[in-house]
Amino acid sequence: MSRKTLRIAGVTRSFPGRGKAGPTLALQPTDLTVQPGEFVAILGPSGCGKSTLLRIVAGLDRPTAGAVTLDGVAVTAPGPDRGMVFQSYTLFPWLTVAQNIRFGLEERGLPLAEQAAIADRFIARTGLRGFENHWPRQLSGGMQQRCALARALANDPEILLLDEPFGALDHQTRELMQELLLEIWEADRKTVLFVTHDIDEAIFLANRVVVMSARPGRIKADVAVPLSYPRDWTMKTTPDFATLKARLMGEIRDEVRKAAMA
Amino acid sequence: MKPLVPVSTGARIILGAGFFVMFVAVWGAATWSGWVPPLFLASPDRTLAAGWSLLTEFGFAGDIAITIFRVVGGFLIAAAIGVPLGLMMGAFKPIEAFFEPFVSFARYLPASAFIPLLILWAGVGEAQKLSVIFIGSFFQVVIMVALIAGGTRMDLVEAAYTLGARSRGILRRVIIPSAAPQVMETLRLVLGWAWTYVIVAELIGATSGIGHMIMDSQRLLDTGQMIFGIVVIGLIGLITDFLFKALNRALFPWASL
Numbered sequence: 054m055s056r057k058t059l060r061i062a063g064v065t066r067s068f069p070g071r072g073k074a075g076p077t078l079a080l081q082p083t084d085l086t087v088q089p090g091e092f093v094a095i096l097g098p099s100g101c102g103k104s105t106l107l108r109i110v111a112g113l114d115r116p117t118a119g120a121v122t123l124d125g126v127a128v129t130a131p132g133p134d135r136g137m138v139f140q141s142y143t144l145f146p147w148l149t150v151a152q153n154i155r156f157g158l159e160e161r162g163l164p165l166a167e168q169a170a171i172a173d174r175f176i177a178r179t180g181l182r183g184f185e186n187h188w189p190r191q192l193s194g195g196m197q198q199r200c201a202l203a204r205a206l207a208n209d210p211e212i213l214l215l216d217e218p219f220g221a222l223d224h225q226t227r228e229l230m231q232e233l234l235l236e237i238w239e240a241d242r243k244t245v246l247f248v249t250h251d252i253d254e255a256i257f258l259a260n261r262v263v264v265m266s267a268r269p270g271r272i273k274a275d276v277a278v279p280l281s282y283p284r285d286w287t288m289k290t291t292p293d294f295a296t297l298k299a300r301l302m303g304e305i306r307d308e309v310r311k312a313a314m315a
Numbered sequence: 002m003k004p005l006v007p008v009s010t011g012a013r014i015i016l017g018a019g020f021f022v023m024f025v026a027v028w029g030a031a032t033w034s035g036w037v038p039p040l041f042l043a044s045p046d047r048t049l050a051a052g053w054s055l056l057t058e059f060g061f062a063g064d065i066a067i068t069i070f071r072v073v074g075g076f077l078i079a080a081a082i083g084v085p086l087g088l089m090m091g092a093f094k095p096i097e098a099f100f101e102p103f104v105s106f107a108r109y110l111p112a113s114a115f116i117p118l119l120i121l122w123a124g125v126g127e128a129q130k131l132s133v134i135f136i137g138s139f140f141q142v143v144i145m146v147a148l149i150a151g152g153t154r155m156d157l158v159e160a161a162y163t164l165g166a167r168s169r170g171i172l173r174r175v176i177i178p179s180a181a182p183q184v185m186e187t188l189r190l191v192l193g194w195a196w197t198y199v200i201v202a203e204l205i206g207a208t209s210g211i212g213h214m215i216m217d218s219q220r221l222l223d224t225g226q227m228i229f230g231i232v233v234i235g236l237i238g239l240i241t242d243f244l245f246k247a248l249n250r251a252l253f254p255w256a257s258l
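Chains as they are written, first to last, in our numbering: chain A, 54 to 315; chain B, 2 to 258.
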């Protein structure tokens, strides 16, 4: 259960130009407040700055202007209170599944027995039982991302930042991963910021969808998802789902076209 | 044959050994037939006989031991200083900016050109031999390790940051383990180069070692002994290479998956 409120206030990011080119504005001043326990999907065409926004919240990138605060405390560097899962496979290839999951716990200096107990719990929750001693390269893409999720969750972060975590997976695996993530969120109610360009994924998972415009990115719409939890896959065929999907498709089509023309 | 199609282990061994057999056969044909006179090239059997007498009568085993000691000694000193320095340079850009230009310059200084100077400074003893190996290996190790460490995958570093790691943790738990297999591979290569430096060092101002024996044999025009010495160096190189590879596989099972 998360307790802290995330505030993004006037966050702007421009990248310095090369040679004679002027600086590129990636993110227009953006404001967003995320309440504890919310599941917010950030939806937008590629290159709209949604990943940049997430990286700024993670502390991996610095805003050109504006600030990110967590319960009033400014975010200036990455930290274990904001766990992250990346689109690329970022398990440490020299560590086994169990060792990867324990990485953050070891960094915090927890006693070994406690590390093992926590890792074991998340191995079970992400369905990695029997693969504890495998190297990441011996796992499928879906399993690697499950392990990456377990690694982030084991640290018990205040916020979970997910940067298109299922973007590289095939469709079927992707749907299974969405269900797993829902199950975990429904049980833990951790604040989640989930970046995606997949409308179905955004609606299915989140209780709030933030639509971003084409570059330079800004928040174009902030839409509540009035569908109740617990959710399962049958929800994707309901009229409410379809109505919401039609609306978001309308919002995003213009942006995708703009992005393609730019 | 099709491009890039792997070959079975059995076929690989047969093919690899086949070239050695062919090599000796051509060598034998050229010498036994009298086409190349023994003054310039001893036959395979004469070479073996020369080697036998070297080992049994002239204490060549001692020469081999001293040469191995020099190579391994100089190489270990270079690695013990060069690997940590290279890792620090790769990880911390100000350190790299400080050392890199000089190291890049120094690695083009030919180690053998230092021999006359080193004899002046350190005499003709072991310190001089070790110094030649050190100069030849150290700068190569530093520059290559720095390159490997600097090439650490940024997404892994960022993942470690979001898991709570700080600079120390990034270096100790990401940069070093990710660089380790390639660093070992670099050391394997540099050890091979160290072998060429030691022989050069022993050709000048030495009283023992494989290189010294080869110089002595030249005065006696004993091509059998010279060739035997060269073959011994090749064999030792082959063995160390094999050991290094086995060590790498044992230390980093994840890297070869």
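Ideal Cβ placement from N, Cα and C applies to all residues, glycine included.
Name the DSSP beta bridge partners of residue i, please?
i: A/Ala-94; result: A/Phe-247 and A/Val-262
i: A/Phe-68; result: A/Thr-77
i: A/Gly-136; result: A/Leu-213
i: A/Asp-275; result: A/Val-263
i: A/Arg-60; result: A/Thr-86 and A/Thr-122
i: A/Gly-270; result: A/Leu-80
i: A/Ala-127; result: A/Thr-122
Candidates the options: which alpha carbon is nearest residue i's?
i: B/Phe-76; options: B/Phe-135, B/Ile-14 and B/Lys-246; result: B/Phe-135
i: A/Pro-76; options: A/Leu-181, A/Gly-100, A/Thr-117 and A/Glu-159; result: A/Thr-117
i: A/Arg-60; options: A/Asp-134, A/Ser-67, A/Lys-73 and A/Asp-84; result: A/Asp-84
i: B/Leu-190; options: B/Met-214, B/Gly-238, B/Asp-223 and B/Val-233; result: B/Gly-238
i: A/Ser-67; options: A/Leu-96, A/Leu-106 and A/Arg-56; result: A/Leu-106
i: A/Ala-62; options: A/Arg-190, A/His-250 and A/Ile-272; result: A/Ile-272
i: A/Ala-177; options: A/Gly-220, A/Arg-199 and A/Arg-161; result: A/Arg-199
i: A/Glu-236; options: A/Ala-312, A/Arg-284, A/Phe-145 and A/Asp-216; result: A/Arg-284
i: A/Gly-136; options: A/Leu-215, A/Lys-289, A/Lys-311 and A/Glu-159; result: A/Leu-215
i: B/Trp-33; options: B/Pro-178, B/Pro-45 and B/Ile-176; result: B/Pro-45
i: B/Met-90; options: B/Thr-153, B/Phe-243, B/Phe-21 and B/Val-73; result: B/Thr-153
i: B/Glu-97; options: B/Gly-74, B/Leu-148 and B/Ala-62; result: B/Leu-148
i: B/Leu-88; options: B/Asn-249, B/Val-233 and B/Ala-180; result: B/Ala-180
i: A/Arg-174; options: A/Ala-151, A/Ala-130 and A/Arg-161; result: A/Ala-151
i: B/Val-232; options: B/Phe-245, B/Lys-246 and B/Met-214; result: B/Met-214
i: B/Leu-172; options: B/Arg-108, B/Pro-102, B/Ala-150 and B/Glu-186; result: B/Ala-150
i: B/Ala-80; options: B/Leu-222, B/Met-216, B/Ala-12 and B/Ile-144; result: B/Ile-144
i: A/Pro-133; options: B/Gly-235, B/Phe-103 and B/Ala-160; result: B/Ala-160
i: A/Pro-279; options: A/Glu-167, A/Phe-92, A/Ala-74 and A/Leu-165; result: A/Phe-92
Apply the 10 Å Cβ neighbour rule to residue i and answer buried if 16 or more other Cβ atoms are within range, or exposed otherwise.
i: B/Ser-138; result: buried
i: B/Lys-130; result: buried
i: A/Arg-155; result: buried
i: A/Tyr-282; result: exposed
i: A/Lys-103; result: buried
i: B/Gln-219; result: exposed
i: A/Leu-277; result: Correcting the residue type first, residue 277 of chain A is Ala in the shown sequence and not Leu. A/Ala-277 should be labelled exposed.
i: A/Arg-227; result: buried
i: B/Gly-1; result: Outside the shown range of chain B (2 to 258) lies residue 1 of chain B, about which nothing can therefore be said.
i: A/Trp-286; result: exposed
i: A/Thr-239; result: Checking the sequence shown, residue 239 of chain A turns out to be Glu, not Thr. It is exposed - the Cβ of A/Glu-239 has fewer than 16 other Cβ atoms within 10 Å.
i: B/Ala-202; result: buried
i: A/Phe-145; result: buried
i: B/Lys-94; result: exposed
i: B/Trp-196; result: buried
i: B/Met-1; result: What the structure shows of chain B is the stretch from 2 to 258, and residue 1 of chain B is not part of that stretch, so it cannot be assessed.
i: A/Thr-249; result: buried
i: A/Asn-186; result: exposed
i: B/Tyr-162; result: buried
i: A/Arg-182; result: exposed
i: A/Pro-131; result: buried
i: B/Ile-14; result: exposed
i: A/Ile-170; result: Here the sequence assigns Ala to residue 170 of chain A, which means Ile is not the residue at that position. The residue is exposed, with fewer than 16 neighbouring Cβ atoms inside 10 Å.
Closer than 7 Å by beta-carbon distance: list the chain E residues that pair up with residue i, in chain order.
i: A/Glu-217; result: Looking at the structure shown, chain E is missing, and the protein chains on hand are A and B.
Quiz item: Using a beta-carbon distance cut-off of less than 9 Å, what residues from the stretch 146-180 of chain B approach chain A?
Solution: Arg-154, Asp-156, Leu-157, Glu-159, Ala-160, Ala-161, Tyr-162, Thr-163, Leu-164, Gly-165, Ala-166, Arg-167, Gly-170, Arg-174, Val-175, Pro-178 and Ser-179
Practice problem: Pull out every residue of the stretch 130-151 of chain A whose Cβ sits closer than 7 Å to any Cβ of chain B, in chain order. | Solution: Pro-131, Gly-132, Pro-133, Arg-135, Gly-136, Met-137, Phe-139, Ser-141, Thr-143, Phe-145, Pro-146 and Trp-147
Quiz item: Just by C-beta distance, which residues in the stretch 171-188 of chain A are closer than 9 Å to chain B?
Solution: Trp-188
Practice problem: Write down every uninterrupted run of the alpha helix (DSSP H) in the stretch 160-187 of chain B whose length is 4 residues or greater and which is fully enclosed by it, in chain order. | Solution: 168-171
Self-check item: Within the stretch 135-185 of chain A, ranges of the beta strand (DSSP E) (whole runs, at least 3 residues)
Solution: 135-138
Quiz prompt | chain B contacts from the stretch 259-287 of chain A (Cβ-Cβ distance under 8 Å) | solution = none
Exercise. Give the residues from the stretch 150-165 of chain A that approach chain B closer than 7 Å (Cβ to any Cβ), ordered along the chain.
Key: Phe-156, Gly-157, Glu-160 and Arg-161
Quiz item: Relative to chain B, which residues along the stretch 102-130 of chain A have a C-beta separation below 9 Å, given in chain order?
Solution: Arg-108, Ala-111, Gly-112, Leu-113 and Ala-130
Quiz item: Which runs of the beta strand (DSSP E), 3 residues or longer, sit entirely within the stretch 104-155 of chain B?
Solution: none
Practice problem: Please list the residues of the stretch 8-42 of chain B that have a C-beta atom closer than 8 Å to any C-beta atom in chain A, keeping them in chain order. | Solution: none
Quiz item: Going along the stretch 48-64 of chain B in order, which residues come within less than 7 Å of chain A, judged by CB to CB distance?
Solution: none
Practice problem: Could you list the residues in the stretch 221-245 of chain A with a C-beta less than 8 Å from some C-beta on chain B, going in chain order? | Solution: none
Quiz item: Using a beta-carbon distance cut-off of less than 7 Å, what residues from the stretch 75-90 of chain B approach chain A?
Solution: none
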